[in-house]
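Visitor: Take any residue in the sequence shown, note its place counting from 1, add 295, and you have its number in the working numbering.
Every residue gets a Cβ at the ideal spot worked out from N, C-alpha and C, and that includes glycine.
Given the structure is predicted, the values throughout are model-derived calculations rather than measurements.
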Amino acid sequence: MHEVRITKWVLILSMLLFNPKISCTAFQQPTVKNLSPPDTDKSDHWTYSAFELQNGLKVLLLHGYGLSYNTAVLDVNVGHTSNGPEEPGMAHLLEHVLCGATQNHPGHTDFSDFVEKHGGNNSAYTSLTNTNYYFHTESSKFYQTLEHFSEFFYS
């Protein structure tokens, strides 16, 4: 059995994340340390902030002015090449299993239905080395959607 290693980077694109009144439980842990934001080109008009939470999760925030939607992305460092010979397709299967029902949202399509109702979409894909989960939704529903999204990744 292979050990599952999570690339502890969450990429969140949001005007609201720079608001000091963040109420989402995903960000209620104290920041352990500030990290250096990525090097960017002079033509890049995004504002970046990077930090590490107490649980080891590394967060990269991007701020774009004038956006009417927000996006969240979680990248996991497990892909097709992580499958053992006796486990073909396991990473891709887990991609689909993780985005289903949760204790607080027992319907298999509850998340997708909520996101679509609020002008967004969601998807996931498995590459050779990574599995990526993402959604975007209207700004007014971002934190509620992020709460639901985060339920896929803890037990």
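Name the DSSP bridge partner or partners of Phe430?
Guide: As a working mapping, residue 430 is identified with position 135 in the sequence shown. Its beta-bridge partners are Ala367, Asn417.
Visitor: In the DSSP output, which residue or residues are listed as bridge partners for Leu330?
Guide: Taking the first residue of the sequence shown as 1, we reach residue 330 at position 35. The partner list for Leu330 (beta bridge, DSSP) reads Ala345.
Visitor: Which of the three DSSP states is assigned to His391 in this structure?
Guide: The sequence position of residue 391 within the sequence shown is 96, counting from 1. Here His391 sits in helix by DSSP.
Visitor: Do you know how far the Cα of Leu352 is from the Cα of Asn427?
Guide: In the sequence shown, residue 427 corresponds to position 132, counting from 1. In the sequence shown, residue 352 corresponds to position 57, counting from 1. Rounded to whole angstroms, Asn427 to Leu352 spans 16 Å at the Cα level.
Visitor: Indicate, with yes or no, if the ligand FMN has a heavy atom lying under 7 Å from the CB of Val354.
Guide: For the structure depicted, the ligand FMN is absent and the ligand set is empty, with no information on it obtainable.
Visitor: Between which residues of its own chain and His387 is the CB-CB distance below 6 Å, once the five residues before and five after are set aside?
Guide: Here residue 387 is taken as the residue at index 92 of the sequence shown, counted from 1. Result list for His387: Thr421, in chain order.
Visitor: So the candidates are Phe346, Val373, Ala396, Asn425; which of them puts its Cα closest to the Cα of Phe444?
Guide: Translated into positions along the sequence shown, residue 444 becomes position 149. Per the Cα distances, Ala396.
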